[in-house]
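Data first, discussion second: the structure below is written as structure tokens.
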Amino acid sequence: MPVFKLLPSWILNAAGSIAAVCTTLSFLPQLLRVWRRKSASDISLTMFLLFSFGVACWLLYGLGIGSAPITAANAITLALALTILALKLRYDAREAGKR
Numbered sequence: 003m004p005v006f007k008l009l010p011s012w013i014l015n016a017a018g019s020i021a022a023v024c025t026t027l028s029f030l031p032q033l034l035r036v037w038r039r040k041s042a043s044d045i046s047l048t049m050f051l052l053f054s055f056g057v058a059c060w061l062l063y064g065l066g067i068g069s070a071p072i073t074a075a076n077a078i079t080l081a082l083a084l085t086i087l088a089l090k091l092r093y094d095a096r097e098a099g100k101r
């Protein structure tokens with residue numbers, strides 16, 4: 003029997019909700035840093051493109067199974083990640099124009 007079957011569902015739901023909040027909010031410091039510095043030169047474009055695609059897939063999965071926590075967390079995470087991507091593209095283009 004899997005260990006998680008022994009835990010009450012409220013504990014699993016609480017763990018999932020805490021995980022969703024932590025992983026989603028973890029992007030705020032990066033976004034604020036990029037915004038304040040007006041630079042994203044230290045951010046990998048490939049990593050953020052791949053990550054954003056993965057989060058979009060998680061979002062579709064959450065929608066498909068009707069899971070509000072998965073859907074909400076990934077919708078917010080995708081919005082934050084895409085904002086960082088947009089700022090990276092904007093600031094990198096500006097830097098390239100200065101050369």
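Counting with the numbering used here, you get residues 3 to 101 for the letters of the sequence shown. Quick reminder that beta carbons are idealized off the backbone N, C-alpha and C, glycines included.
Helix, strand or coil for residue i, going by three-state DSSP, please let me know.
i     : result
Ala42 : coil
Ser54 : helix
Gly64 : helix
Pro31 : helix
Leu89 : helix
Pro10 : coil
For residue i, collect the residues of the same chain with a Cβ closer than 7 Å to its Cβ; drop the 5 residues on either side in sequence, then sort them by chain order.
i     : result
Lys40 : Tyr93
Leu61 : Thr73, Asn76, Ala77, Leu80
Ser54 : Leu80, Ala83, Leu84, Leu87
Please go through the same chain and pick out, in chain order, the residues whose beta-carbon is closer than 8 Å to the beta-carbon of residue i, but skip the five residues on each side of it.
i     : result
Phe50 : Ala83, Ile86, Leu87, Lys90
Please report the Cβ distance between residue i and residue j, rounded to the nearest whole angstrom; I am assuming they are in contact, meaning their Cβ atoms lie under 8 Å.
i     : j     : result
Ser19 : Pro71 : 6 Å
Considering only residues of the same chain and omitting the five flanking positions on each side of residue i, which have a CB-CB separation below 6 Å?
i     : result
Ser43 : none
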